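These notes concern the structure reproduced below.
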Amino acid sequence: MNSIAFIGLGHMGGPMAANLVKAGHAVRGFDLSAVSLDLARENGVATVASIGEAVSGVDLVITMLPAGTHVLSVWQELVAIVPSGTLLIDCSTIDMASARKAHALAEAHGCPALDAPVSGGTGGASAGTLTFMVGGDAGVFAGAKPVFEAMGRKIIHCGAASAGQAAKICNNMILGISMIAVGEAFVLGERLGLSHQALFDVASVSSGQCWSLTTYCPVPGPVPTSPANHDYEPGFAAALMLKDLKLSQAAAEDTGTVTPLGAGAAALYQRFADEGAGAKDFSAIIAMLREGPAA
Ligand code: NAD
923 MNSIAFIGLG
933 HMGGPMAANL
943 VKAGHAVRGF
953 DLSAVSLDLA
963 RENGVATVAS
973 IGEAVSGVDL
983 VITMLPAGTH
993 VLSVWQELVA
1003 IVPSGTLLID
1013 CSTIDMASAR
1023 KAHALAEAHG
1033 CPALDAPVSG
1043 GTGGASAGTL
1053 TFMVGGDAGV
1063 FAGAKPVFEA
1073 MGRKIIHCGA
1083 ASAGQAAKIC
1093 NNMILGISMI
1103 AVGEAFVLGE
1113 RLGLSHQALF
1123 DVASVSSGQC
1133 WSLTTYCPVP
1143 GPVPTSPANH
1153 DYEPGFAAAL
1163 MLKDLKLSQA
1173 AAEDTGTVTP
1183 LGAGAAALYQ
1193 RFADEGAGAK
1203 DFSAIIAMLR
1213 EGPAA
């Protein structure tokens, strides 16, 4: 069992830290938000008032923060205080450039590091069923695997430093595009007089089958657990989908990659967020697709 510092105890980090405690690890947690700290304390995390207190004497540090700027600022603080050899793991979804900088910072201070973003949302974080996509040295990955297994079900080594982040960005570009594709198909089906259930019954066992249809169906009815049945409460907020699509577009630009559907999905989610719907589940974009083009 490890002694772990967990920085960033929000919607994802809070339940992830709680699962580490359940698995028998000693977890010290820090967050800027008093509410997050209170919740984490109720779940057995030993909460502290500073990053310095959190990391004193631990074997490894996990960060779960909103974006690349937060990760780099916390990691700069971390490398200045942890002994060399302390393992640093970032589970946030961040841009490729920041992920590479974080690895470089760790390397310069003699700390092994892994980027390990997750898929599975807040439900997966609570249930301990997240998928981890991990980038970094294979030996470091092998040593850290039991820690990931306390928080997730599928743990995949994607390659060298920042390969986990690359996998996350590409996966979520597929997700954003596929949700729009499924939404468009349901809207067209409605206009053709086809029932939601009939389209679902066919597409879910045919070549249109995908996660956006069978797990997160954007119309109420066919998949009772999908956010469409609960007034599109997230789930996975449209604002987070927009954030991830922007990461894909930054990576596409950096690498000279043409991603017309990724760019289109980013533009549609931008419009959806501009209309004030960023807090809704990302499947709610079907309502905007029904309305047609912006005025
Ligand atoms: P969140 O906003 O709920 O949590 C982030 C936490 O970080 C907050 O509690 C905030 O107070 C804290 N924080 C910010 N700066 C800090 C600092 N300098 N020191 C200490 N704490 C600090 O966000 P979340 O939903 O938990 O998401 C975290 C990451 O996981 C993001 O990168 C997100 O894209 C990714 N992610 C989220 C989901 C999801 O469904 N929410 C799914 C997969 C991945």
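Just add 922 to the spot in the sequence shown (first one is 1) and you have my numbering. For each residue, glycine too, the CB sits at the ideal point set by N, CA and C. Values in this document were obtained by computation on a predicted structure and should not be read as measured data.
What is the C-beta distance between residue i and residue j, in whole angstroms, given that I count them as a contact (C-beta under 8 Å)?
{"i": "residue 1016", "j": "residue 1038", "result": "Incorrect: roughly 11 Å between the Cβ atoms, too far for contact."}
{"i": "residue 982", "j": "residue 1001", "result": "Not a contact, Cβ separation roughly 14 Å."}
{"i": "residue 974", "j": "residue 929", "result": "Not a contact, Cβ separation roughly 11 Å."}
{"i": "residue 1069", "j": "residue 924", "result": "6 Å"}
What is the DSSP secondary structure of residue i, counted as helix, strand or coil?
{"i": "residue 1100", "result": "helix"}
{"i": "residue 983", "result": "strand"}
{"i": "residue 958", "result": "helix"}
{"i": "residue 1196", "result": "helix"}
{"i": "residue 911", "result": "With the chain running from 923 to 1217 in the structure shown, residue 911 is simply not present."}
{"i": "residue 1158", "result": "coil"}
{"i": "residue 933", "result": "coil"}
{"i": "residue 1072", "result": "coil"}
{"i": "residue 1137", "result": "coil"}
{"i": "residue 1037", "result": "strand"}
{"i": "residue 1177", "result": "helix"}
Are residue i and residue j closer than 7 Å when you measure CB to CB?
{"i": "residue 1218", "j": "residue 1141", "result": "With the chain represented from 923 up to 1217, any question about residue 1218 goes unanswered, as that position is not in the structure."}
{"i": "residue 960", "j": "residue 931", "result": "no"}
{"i": "residue 987", "j": "residue 958", "result": "no"}
{"i": "residue 945", "j": "residue 1072", "result": "yes"}
{"i": "residue 980", "j": "residue 927", "result": "yes"}
{"i": "residue 1111", "j": "residue 1207", "result": "no"}
{"i": "residue 1178", "j": "residue 1095", "result": "no"}
{"i": "residue 1053", "j": "residue 1041", "result": "yes"}
{"i": "residue 1057", "j": "residue 1083", "result": "yes"}
Looking at C-beta atoms only, is the number of pairs between the stretch 1134–1141 and the stretch 1186–1194 that lie closer than 8 Å three or more?
-> no
Is the stretch 953–971 touching the stretch 924–940, taking contact as three or more C-beta pairs under 8 Å?
-> yes
Okay, do the stretch 1018–1031 and the stretch 1084–1097 touch, 3+ Cβ pairs below 8 Å being the bar?
-> yes
So does the stretch 997–1013 actually touch the stretch 1026–1036, counting three or more Cβ pairs closer than 8 Å?
-> yes
Can we say the stretch 1201–1212 touches the stretch 1145–1159, given the rule of at least three CB pairs closer than 8 Å?
-> yes
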